[in-house]
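**Q** In my numbering, the protein residues as written are 142 to 441.
Quick reminder that beta carbons are idealized off the backbone N, C-alpha and C, glycines included.
Please find one structure pasted underneath; my questions will follow.
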């Protein structure tokens, strides 16, 4: 009797031990048992930035690029003379998306053209202390809008209704609405790049970095405070931006974190007011004193 009882107790203990091991195994290795995924999350691949094409060195002091999706062309502004003197040496060139120059002197009669924006078949270009309106059809200057007190008009952007443009020296943003220029925002230090997202929210690059501006209370919400003193700004989506620094740096800013894509400072090749062709993922880089536009394929 005692032998039978001992065998029964031993069998019960062995079964309990076996079930405990199964339970431990399920808790440790079976994600369906706990609802938790124990597999390691793969790190996101680093963004890549590869040169696709570059123009010849004929775009004299090229400062800005702008892609026109309706016409399928790239506009490039050439300062040519002094960056802040009215010497009538400035011009706009026209290129194909493959870098072929189709109009080296498409528009002339400018001084030191910089940032550009498109609205309703018009190309708007900042030119020291005035905004210049150009008919895209024919490439003729239609109107000039003097800006009182302007010192160094720089980048331009549109919300689809009005034109906005920065003055880097006075720290202001002006707006062209119904043929009249007015002050839109002020109090910035070294402001340059402007861009609107698809919600018509304004983002700026200035001495404090990349920020979203709220016109209702005139406040700014920081997006990234590392890429300060930026030049060109492209918004890809609500969490992804491309920003250039004139000295020779281009950054991808994603979820507030910056990733250096390009550094050409050692080659003294500038990276001024960039633009982007979404369908080809091409970043268009005006190299200023290197007198060419270079296109890079971005993958991220």
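Please work out which residues of its chain come closer than 6 Å, Cβ to Cβ, to residue 426, disregarding the five sequence neighbours upstream and downstream, and give them in chain order.
**A** Excluding positions up to five away in sequence, the list reads 412, 415, 435.
**Q** Quick check on residue 287: does DSSP put it in helix, strand or coil?
**A** Residue state, collapsed to three classes: strand.
**Q** If I'm right that residue 273 touches residue 245 with Cβ under 8 Å, what's the distance once you round it to whole angstroms?
**A** 19 Å between Cβ atoms; not a contact.
**Q** Using only CA atoms, which one of 269, 441, 342 lies nearest to residue 307?
**A** Comparing Cα-Cα distances from residue 307 to each of 269, 441, 342, the minimum goes to 269.
**Q** How far does the beta strand (DSSP E) with residue 225 in it extend, from its first residue to its last?
**A** Looking at the DSSP string, residue 225 is not in any beta strand (DSSP E), and its letter there is neither H nor E.
**Q** Taking the beta strand (DSSP E) that residue 421 belongs to, which residues open and close that run?
**A** Careful: residue 421 lies outside any beta strand (DSSP E) and carries neither H nor E.
**Q** Below 8 Å on the Cβ atoms is my contact criterion, and I expect residue 236 with residue 215 to pass it. Report the Cβ-Cβ distance as a whole number of Å.
**A** Yes, they are in contact, since the Cβ atoms of residue 236 and residue 215 sit about 4 Å apart, within 8 Å.
**Q** Figure out for me which residue from 296, 231, 424 has the closest Cα to the Cα of residue 208.
**A** Of the candidates 296, 231, 424, the one whose C-alpha sits nearest the C-alpha of residue 208 is 424.
**Q** Return the chain-ordered ranges of every beta strand (DSSP E) run that is complete within the stretch 377-423 and spans a minimum of 3 residues.
**A** If we require 3 residues or more, the beta strand (DSSP E) runs fully inside the stretch 377-423 come out as 381-386, 390-395, 398-404, 416-418.
**Q** Rounding to the nearest angstrom, what Cα-Cα distance links residue 407 and residue 321 in this structure?
**A** Approximately 43 Å, taken between the alpha carbons.
**Q** Need the endpoints of the beta strand (DSSP E) that residue 255 sits in, please.
**A** Here the beta strand (DSSP E) through residue 255 covers 254-260.
**Q** So, using beta-carbon positions, are residue 243 and residue 433 closer together than 7 Å?
**A** Not in contact: residue 243 and residue 433 (Cβ atoms no closer than 7 Å).
**Q** With the cut-off set at 7 Å, would you say residue 254 and residue 271 are in Cβ contact?
**A** No; because the gap between Cβ atoms is not below 7 Å, this pair is not in contact.
**Q** Going by beta-carbon coordinates alone, are residue 294 and residue 330 separated by less than 7 Å?
**A** No, the Cβ-Cβ distance between residue 294 and residue 330 is not below 7 Å.
**Q** With DSSP as the reference, label residue 329 as helix, strand or coil.
**A** Coil, per DSSP.
**Q** For residue 217, which three-state DSSP category applies?
**A** Three-state DSSP puts residue 217 in a strand.
**Q** Using only CA atoms, which one of 429, 403, 369 lies nearest to residue 437?
**A** Nearest option by C-alpha distance: 403.
**Q** So, are the CB atoms of residue 362 and residue 353 less than 7 Å apart?
**A** Yes, they are a contact pair.
**Q** Looking at C-alpha atoms only, which residue of 369, 379, 375, 400 is the closest neighbour of residue 256?
**A** Of 369, 379, 375, 400, the residue nearest in Cα terms is 375.
**Q** Ignore the nearest five residues each way along the sequence and tell me which others in residue 262's own chain have a CB closer than 8 Å to its CB.
**A** 276, 277, 278.
**Q** Measuring alpha carbon to alpha carbon, tell me which of 264, 206, 313, 290 ends up nearest residue 299.
**A** Of the listed residues, the one whose Cα sits closest to residue 299 is 264.
**Q** Identify whether residue 357 lies in helix, strand or coil by the three-state DSSP scheme.
**A** Coil at residue 357, not helix or strand.
**Q** Could you tell me the distance, in whole angstroms, from the CA atom of residue 393 to the CA atom of residue 399?
**A** The straight-line gap from Cα to Cα measures roughly 6 Å.
**Q** Should residue 351 and residue 368 be called a contact, given that it needs their Cβ atoms to be closer than 7 Å?
**A** Yes; because the gap between Cβ atoms is below 7 Å, this pair is in contact.
**Q** Could you give the DSSP three-state label for residue 207: helix, strand or coil?
**A** Correct three-state label for residue 207: strand.
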